[in-house]
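**Student:** Dumping the structure here so I can ask a few things about it.
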Amino acid sequence: MQDSLSLVEQACQGIKPVRTPIFDLLANDAVIEHFAGEPLDGNNDETIVTKAAASALDATRCIAPPNRQARTWIDAAGNTRISDRWTSWLQTPAYADVEGWACWMKRYIEQEDADCGSPSLIQLDLTEHEFDDDRASALRDKQFDLNRTLGGTVPIFCTPSTSLNALIYYIGLEMLSFMWMDFRDICRYWIKLYRRKTIHYIRMHGHRQTSPLAMIYCDIAYKNGLMLSQAMLRDMDFFTELQEVGDVCHEAGLYVIFHSDGNMMDLLDDVVATGMDGLNPIEKAAGMDIYEIRRRYPRLILVGGVDVTNLLRTGSCLEIRSQTRNLIEKVGAEGRFLIGSSTEVGNDVPLNNYLAFHNEVLGVS
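Each residue of the sequence shown is one higher than the one before, counting from 1 in the numbering used here.
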C-alpha cells in the first residue's frame, strides 16, 4: 500500500505513524479476490495473491498461491504429508521409533559434515561460513523484483527457523522428547549443525536494502501453555541459539520479530532477554494478553494481536471496529505496533468482518 515502508519503519522506531501499519498473511479466497479484483481460478493465482497483498497490507511474511487440489508429498525427512488448499499436515511419519529417527539424524550429520569438511562439530566456528556472493546477489535481485511488484508493501524475506522448530516439524514433539532422553548427544549435534545452516541462510537472505524485518520461527506453546518446560528449553540451548540467530539478523540491520503461536506468557522474559525486537502473532484466544505485554515491554514491537479465533470469525462489524480502534489507541499509542490477525486470515473469516477491521485501520467509515 502507499507509504507502507515509511509506516513500518516509523512504527519499528517507536514513532507513532499517521496510520498503524497492517501486517498479515492472507489465506482467504474471498479477501484475496476482493483486494485483487480478480478470481483465484488456478490460472494466475500467485500474481493475484501478490496483487491482493499489495492492495491490502503494509507488510507480510509470505506470499504463496493456494494449492489447486489436495496432494500428497514426501518431505526432506521422508515423512508423508498432505496439502489442502491453504494448509498441510503430517499423514505418516518416516520412522516409528527412536532408533529410526536416530539413524536419520546420523545420516543428516554425516552429509552436512561431508559438505563442510569438518570432522568434528566441536571445532565449528558458527560465525564463519562459505559465502556465495553471486548467489546472495541473485537472491537480492529477486527480492528487489518482488518489491517492485508489491508497490510498497514490505515483504519479510528473512524468515529463519530455529533448530527446535525444524526438529518438531520433522520428528514431532513426542518423538523429540524420547530422542532427547535416549540420543541426547546426537540431538545436540544435529541442533548445532542446523544452527550453522540457519546463520548461513540469514546471511544469504537478510538484506536491509530490500526489507527492514526478519521473523524467527519456533512454535513453543499450545493454547494452554508451553510445549516444553523452561528447563528443557534451556537444556537444549534454545535461548542461546535465539540470541545468536538474532544477533546475525541485527548485523544485517534488521528488526527481529520472534514468532510463536500459543500461550508463551511465561517465557516472555527469557525471549526478550535474547534481544528480540518484537513478538508475533500474540494469540488472545490462547491467553496472550497484548495489553499486559505492552505494559511490561513498552519498547517491544508487537505484530498481530487482533483475535482471529473468535472476533474476526464470529464478531459483529461493530465489535471488530471497536476492538481494533482500542488496540490502535492503547497498544500503538507510541508506535511499535503492526496490527493484524493473531495468526493468519483464513477462509473462516467472513469478508465483511475483515473489511470492518481493514476499514477501521484506514479510517474509512
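All C-beta atoms in this analysis are idealised placements derived from N, C-alpha and C, irrespective of residue type, glycine included.
Look at the alpha carbon of His82 and the alpha carbon of Ile74, and state the distance between them as a whole number of angstroms.
**Tutor:** Here the sequence assigns Ile to residue 82, which means His is not the residue at that position. Each residue's alpha carbon lies about 9 Å from the other.
**Student:** Tyr255 lies in the alpha helix (DSSP H); which residues open and close that run?
**Tutor:** Not the alpha helix (DSSP H): Tyr255 falls in the beta strand (DSSP E), residues 255-259.
**Student:** Check Ile122 in the structure and name its three-state DSSP category.
**Tutor:** The predicted position of Ile122 is uncertain, since its pLDDT is 32 and thus under 50; a value taken from the coordinates is nonetheless stated next. Residue state, collapsed to three classes: helix.
**Student:** Can you give me the C-alpha to C-alpha distance between Leu267 and Leu233, rounded to a whole angstrom?
**Tutor:** So the two alpha carbons sit approximately 10 Å from each other.
**Student:** Among Ala136, Pro21, Arg85, whose alpha-carbon lies nearest the alpha-carbon of Ala54?
**Tutor:** Comparing Cα-Cα distances from Ala54 to each of Ala136, Pro21, Arg85, the minimum goes to Pro21.
**Student:** Give the straight-line distance between the Cα atoms of Ala370 and Ala114, rounded to the nearest whole angstrom.
**Tutor:** The structure shown does not extend to residue 370, since the chain spans only 1 to 365, so no value can be given for it.
**Student:** Put Gln2 into one of helix, strand or coil per three-state DSSP.
**Tutor:** Of the three classes helix, strand and coil, the one that applies to Gln2 here is coil, per DSSP.
**Student:** In or out: Ser437 buried (at least 16 other Cβ within 10 Å) or exposed?
**Tutor:** Missing from the structure shown is residue 437; the chain here goes from 1 to 365 and no further.
**Student:** Among the candidates Tyr255, Ala70, Met105, Ala59, whose CA atom is the shortest distance from the CA of Ala77?
**Tutor:** Comparing Cα-Cα distances from Ala77 to each of Tyr255, Ala70, Met105, Ala59, the minimum goes to Met105.
**Student:** So Val271 is in the alpha helix (DSSP H); what residue range does that whole segment cover?
**Tutor:** That run of the alpha helix (DSSP H) goes 268-273.
**Student:** Counting only the same chain and skipping the five closest in sequence on each side, list residues whose C-beta sits under 6 Å from that of Leu242.
**Tutor:** Contacts found: Thr274.
**Student:** Straight-line CA distance for Asn352 to Val306?
**Tutor:** Computed Cα separation, rounded: 15 Å.
**Student:** Is Asp45 buried or exposed, if buried means 16 or more other CB atoms sit within 10 Å of its CB?
**Tutor:** Classification for Asp45: buried.
**Student:** Is the segment 64-72 touching the segment 152-172, taking contact as three or more C-beta pairs under 8 Å?
**Tutor:** These segments do not touch.
**Student:** Helix, strand or coil: how does DSSP classify Leu213 here?
**Tutor:** In this structure, Leu213 counts as strand in the three-state DSSP scheme.
**Student:** To the nearest angstrom, how far is it from the Cα of Ala56 to the Cα of Pro65?
**Tutor:** Going by the C-alpha atoms only, they are around 16 Å apart.
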